[in-house]
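Per full-length UniProt numbering, the sequence shown starts with residue 9, numbered consecutively. C-beta atoms are modelled at their ideal positions from N, C-alpha and C, and glycine is treated no differently. What follows is one structure encoded as structure tokens, with my remarks underneath.
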Amino acid sequence: SRRAFLGAGAALGAMAVVAPSRTGFARVPAPFVPTRTLTLASGEAELRLLGPDKPATAIYAYDGEPFRQIRVPRGTRLEATYLNGLDEGSSLHFHGIRMPNEYDGVPPLTQPLVQPGGRFVHRLPLDDPGTFFFHPHCDETGQAGRGLVGALIVEDPRDPHFDVDEVLCLKDWRLADDGGFLELSEPDGASKAGTFGGTRTVNGVPVAEIAVPAGGDARLRILNVDSTRIMDIGVEGAQAWLIAVDGHALPPILLDELPDGIWRMGPAQRIDIHVRMPLKGGPVTVGDYRAADIYHFATLRADGKRARKPGKEPHDKGEPGKGAPDKGALALPRPELPFPEIETAELHSFTLQQATDAAVKNLGLPPDDPLAKALVASFCVGATTYWSIGQISWSTGNRLGLPPPLAVMQEGRSYRIEIKNETRYPHPIHLHGHAFYVISSSKGRLPQHFADTVLVQPGEAVEIAFVAAPGDWVFHCHILEHMETGMMGWFRVI
Ligand code: C2O
Ligand code: CU
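Written out as structure tokens, the structure reads:
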């Protein structure tokens, strides 16, 4: 009834002003003695994205370096000072890293916005090896959309030997003919599959050329750092195995044994692939096979040398297009992550919806009812809302509209989260500060593995589980327009 609705509206209004408590934050492991100190300054850089004789584009980058790459050994105590060289507020978030909550870089939940010229010091214990990345957590479509992302590689000395170890950052750009940016988010995109870029790149160039010894082993760390695009990654011309997802090792899976021979990867997801170079033939191509227009983004060519490893014979029996016949994948060491107690974990279920659908379910009002519309608008004064998660919309365009937490959890306890997608579009859902275990997909689509982001297809329910770490952690879609228009919530772990 109307009355019930007005009551609900008033309660929601009151909840919208709840301020985050400062008590739930993780304690800094004391003492924190940095073993590596660096600064990361956001600012402009030039990149010739349209072609060699076309106008350059003024992008955003860290330290003037497009897709800046940091490599550190596992166990590093990293002290990273973020310097905001943009003329707008920003912050720095290290995606996928388990860390004290206060360094998570999420205004207004864990810290204030870093003003132009301001700084923020992050202290990160990097104990989990793998392929991670970093980006701003404020105006993501604008800032990450202009290129403000970098890769953080935490190397594990226990890893097997690869002849080549390459980072491949995939990102599209929305460019006008003069090299400037087109609108990075359009309502038609934000409310549907997203606003796509037309110029596709890897590390800022059209194709990565990688030289590998014949018969050698290449490790490709593939990062989808695009704002919008979901990609189907596959390899042609060689045997290749999926050896890690979101940085975390899994028992190697031959790509050919996956459905359609591809791994589907949404924004913010990463994979490590082991490619065994053939002894003869080639080249080997790596591509996104999802679009009608296949995008081959990397070419691996034999560099004239022959792989020889200490204590191993060179393999001579290879055939064109095939690796050495008698060798399997180079598996990475098993991840050392807290493993949830799935049997006894407390279950929470959250539904991904179009925001108007959520209002209808909440209130029993038709979507065109003016009161239903007013409710949707009340979540996000000054920002558009198209999406909800667990029937709550937090449109980050409005920094005052912090909703109540989706759940309050206890530190150290195991939780199971079911994510049900009732929309018509896929959503890569990310939880900060944890590595969760992907337990199941209702479509039987996913192997069990650790991850920090999981793609949930339309009509699919995916279950994840994790051991809760203390702090306030956001849980959101990583299609940046979706998160900014409502598909974001947070958990409080006390
Ligand atoms: Cu990649 Cu909320 O982050
Ligand atoms: Cu989404």
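Query                                                                                                                                                                                            : Result
From the DSSP secondary-structure annotation, give me the bridge partner or partners of residue 77.                                                                                              : 159
Taking 9 Å as the threshold (C-beta atoms), are residue 286 and residue 242 in contact?                                                                                                          : no
For my contact list, residue 494 and residue 339 are in at a C-beta cut-off of 8 Å; report their separation, rounded to the angstrom.                                                            : Incorrect: roughly 41 Å between the Cβ atoms, too far for contact.
The ligand C2O: which residues have Cβ under 5 Å from any of its heavy atoms, chain order?                                                                                                       : 103 and 276
So does residue 239 have its beta carbon nearer than 8 Å to some heavy atom of the ligand CU?                                                                                                    : no
Does any heavy atom of the ligand CU sit closer than 8 Å to the C-beta of residue 402?                                                                                                           : no
Would you kindly work out how many angstroms separate the C-alpha atoms of residue 360 and residue 442, rounded to a whole number?                                                               : 21 Å
Please report the distance separating the alpha-carbon of residue 440 from that of residue 171.                                                                                                  : 33 Å
From this set, 478, 296 and 254, which residue's C-alpha is nearest residue 269's C-alpha?                                                                                                       : 296
Can you pull every residue whose C-beta falls closer than 6 Å to some heavy atom of the ligand CU, listed in chain order?                                                                        : 435, 485, 487, 490 and 495
Pair every Cβ in the segment 102-112 with every Cβ in the segment 122-131, then say whether three or more of these pairs are closer than 8 Å.                                                    : yes
Tell me which residue opens and which closes the beta strand (DSSP E) that residue 417 is part of.                                                                                               : 415-417
Can you check which of these residues, 80, 461 and 468, is closest to residue 429 by C-alpha distance?                                                                                           : 468
If we ignore side chains and look at the alpha-carbon of each, how far apart do residue 22 and residue 411 end up?                                                                               : Unreliable placement is indicated for residue 22, whose pLDDT of 32 sits below 50; the coordinate value is still reported in the next sentence. Rounded to the nearest angstrom, the two C-alpha atoms are 10 Å apart.
Is it the case that the segment 340-353 contacts the segment 162-176, given that we only count it when at least three CB pairs across the two stretches are under 8 Å?                           : yes
Is residue 186 buried or exposed, if buried means 16 or more other CB atoms sit within 10 Å of its CB?                                                                                           : exposed
Nearest CA to the CA of residue 254: which residue from 91, 502, 71 and 106?                                                                                                                     : 106
Give the secondary structure of residue 450 by DSSP, where H, G and I count as helix, E and B as strand, and everything else as coil.                                                            : coil
Check for me: the alpha helix (DSSP H) holding residue 488 runs from which residue to which?                                                                                                     : 488-492
In three-state DSSP terms, what is residue 263?                                                                                                                                                  : helix
Identify, in the order they occur along the chain, each residue of the same chain with its Cβ nearer than 6 Å to the Cβ of residue 470, setting aside the five sequence neighbours on each side. : 427, 449, 462 and 464
Short of 6 Å in beta carbon distance, which residues of its chain neighbour residue 487, apart from the five on each side in sequence? Order them along the chain.                               : 202, 236 and 275
CB-CB under 7 Å to residue 219, same chain, minus the five flanking residues each way: which ones, in chain order?                                                                               : 309 and 311
Using only alpha-carbon positions, find the residue among 498, 500, 459 and 491 that is nearest to residue 104.                                                                                  : 459
One question on the structure: do residue 500 and residue 416 come within less than 9 Å of each other, judged by their Cβ atoms?                                                                 : yes
Select from 82, 84, 119 and 83 the residue whose C-alpha is nearest the C-alpha of residue 100.                                                                                                  : 119
Alpha carbon to alpha carbon, what distance is there between residue 348 and residue 452?                                                                                                        : 21 Å
At least one CB of chain C closer than 9 Å to the CB of residue 135: is that the case?                                                                                                           : Structure shown: chain C not included; a single protein chain is present.
Would you check if the distance between the CB atom of residue 445 and the CB atom of residue 472 is smaller than 9 Å?                                                                           : yes
For residue 392 and residue 197, what's the separation of their Cα atoms in angstroms?                                                                                                           : 13 Å
Pick from 122, 435, 188 and 45: whose alpha carbon is nearest that of residue 154?                                                                                                               : 188
How long is the line joining the alpha carbons of residue 152 and residue 47, rounded to whole angstroms?                                                                                        : 18 Å
I believe residue 294 touches residue 190 by the beta-carbon criterion, under 8 Å. Please report the beta-carbon distance rounded to the nearest angstrom.                                       : Contact doesn't hold; Cβ gap of about 28 Å is too wide.
I need the boundaries of the beta strand (DSSP E) containing residue 247, first residue and last residue.                                                                                        : 247-253
Between which two residues does the alpha helix (DSSP H) harbouring residue 217 extend?                                                                                                          : Where residue 217 is concerned, there is no enclosing alpha helix (DSSP H), although the beta strand (DSSP E) it sits in stretches over 216-222.
Apply the 10 Å Cβ neighbour rule to residue 59 and answer buried if 16 or more other Cβ atoms are within range, or exposed otherwise.                                                            : exposed
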